[in-house]
Structures are given as C-alpha cells and as structure tokens.
C-alpha cells in the first residue's frame with residue numbers, strides 16, 4: 001500500500017514535530033556530529049520507506065534511532081576493538097546498548113528485564129503526577145509543551161514534576177546501576 005499525498009504530509013508534519021528532540025537525543029549519544037546527522041537522515045529515510053501505517057511516529061523514530069546507533073556501534077566495535085575505551089563512559093555506553101538496544105544474548109535479555117522491572121517498581125513509588133511527567137516525556141515521547149497544552153497546567157509545573165522524578169529515580173536506581181556496570 002503506497003502512501004497518498006495526505007498521508008505523506010501527515011508523516012512529514014509528524015517528523016518535523018519531533019525532529020529537534022530526536023536530533024538532540026542522537027547527538028547526546030554520538031560524539032561525531034556527521035555520524036549523528038547520518039543517523040537522523042537514515043531513520044527519517046527508513047520511516048519514509050515503510051509501507052504500513054505507523055501509529056506513533058515519534059516513538060517509532062526514537063526506537064529506530066536507538067537501533068541504528070546500536071547497529072553502528074556494534075559494527076564499529078567489530079572493526080576497531082583496540083579503540084574501545086575502558087573508561088566509565090564506555091561502560092555506560094555498553095550498558096545503554098544492553099538495556100535499550102536489541103538483546104543479543106540471554107544475559108542481555110535478563111539485564112534488560114531486570115532494569116525495566118526495577119524501573120517499574122521505582123515509578124510505582126513516585127507520586128502519580130511525577131510518574132506521569134516522567135513516563136510521558138521519557139517513555140512516550142511527549143514534549144513538556146504538549147503536556148502543558150493538553151492538561152492546562154504550566155510548562156514549569158511539568159518540568160518541576162519531571163525533575164523531581166528524575167532525582168528520585170537516580171537515587172533509587174543507583175545501586176542497580178553500580179551492579180550492572182561492575183559486571
């Protein structure tokens with residue numbers, strides 16, 4: 001099924017709506033600007049090629065970007081093992097790929113499941129308003145501006161709620177993070 005003109009314009013609008021967030025997301029995770037631009041271009045191209053409708057374009061783009069970065073990281077790792085750093089940044093990158101990338105081993109599956117279970121438990125401990133702010137912005141792809149418009153509450157209110165949630169989750173999940181990094 002080919003997209004019609006109306007379908008393409010909706011898709012282009014959806015891409016433009018989340019492009020700056022997606023670009024920032026990619027650049028935070030890639031050290032070379034040209035590579036980050038390539039990832040952004042590649043996931044946009046992949047979306048344009050899809051034949052079936054995509055329900056949540058923003059979520060799809062972020063997932064595709066994460067997968068593309070993981071693939072590129074793995075390819076680079078295969079060819080330049082000597083360039084890998086043993087620093088904390090490298091350990092964090094590897095942990096991020098294990099938790100958020102496509103699982104490659106049963107251990108990756110286990111660690112990912114453990115993380116998501118702990119995150120869910122920690123989210124349940126938050127006040128409902130803070131949990132909502134975190135889940136919608138970090139897991140569902142909402143912007144603070146969207147939340148403010150939909151709820152009628154100010155952007156600062158949403159930012160404050162999210163900030164408090166992030167602070168709590170950092171403390172709450174710190175020991176799990178340390179355990180995962182040590183492995």
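In the UniProt record's numbering, the protein residues as written are 1 to 183. Glycine residues also receive a C-beta, built at the ideal position from the N, C-alpha and C atoms.
{"Item": "DSSP state of residue 171 mapped onto helix, strand, coil", "Value": "helix"}
{"Item": "Residue 126 (DSSP reduced to helix, strand or coil)", "Value": "coil"}
{"Item": "Distance between residue 175 and residue 51 (C-alpha atoms, nearest Å)", "Value": "44 Å"}
{"Item": "Exposed unless 16 or more other CB atoms sit within 10 angstroms - verdict on residue 186", "Value": "This structure cannot speak to residue 186, because the chain is shown only from 1 to 183."}
{"Item": "Backbone CA spacing between residue 189 and residue 148 [nearest angstrom]", "Value": "An answer regarding residue 189 cannot be provided, because it is not within the stretch 1 to 183 covered by the chain."}
{"Item": "Limits of the unbroken alpha helix (DSSP H) element including residue 49", "Value": "33 to 49"}
{"Item": "Reduced DSSP category for residue 140 - H, G, I as helix; E, B as strand; rest coil", "Value": "coil"}
{"Item": "Segment contact flag, the region 152 to 170 with the region 118 to 138, C-beta cutoff 8 Å, min 3 pairs", "Value": "yes"}
{"Item": "Alpha-carbon spacing of residue 59 relative to residue 170, whole angstroms", "Value": "23 Å"}
{"Item": "DSSP state of residue 146 mapped onto helix, strand, coil", "Value": "helix"}
{"Item": "Residue of 22, 27, 113, 54 minimising C-alpha distance to residue 36", "Value": "27"}
{"Item": "Beta-carbon gap between residue 47 and residue 23 smaller than 7 Å", "Value": "no"}
{"Item": "Whole-number beta carbon distance between residue 43 and residue 64, since they are thought to touch under 8 Å", "Value": "4 Å"}
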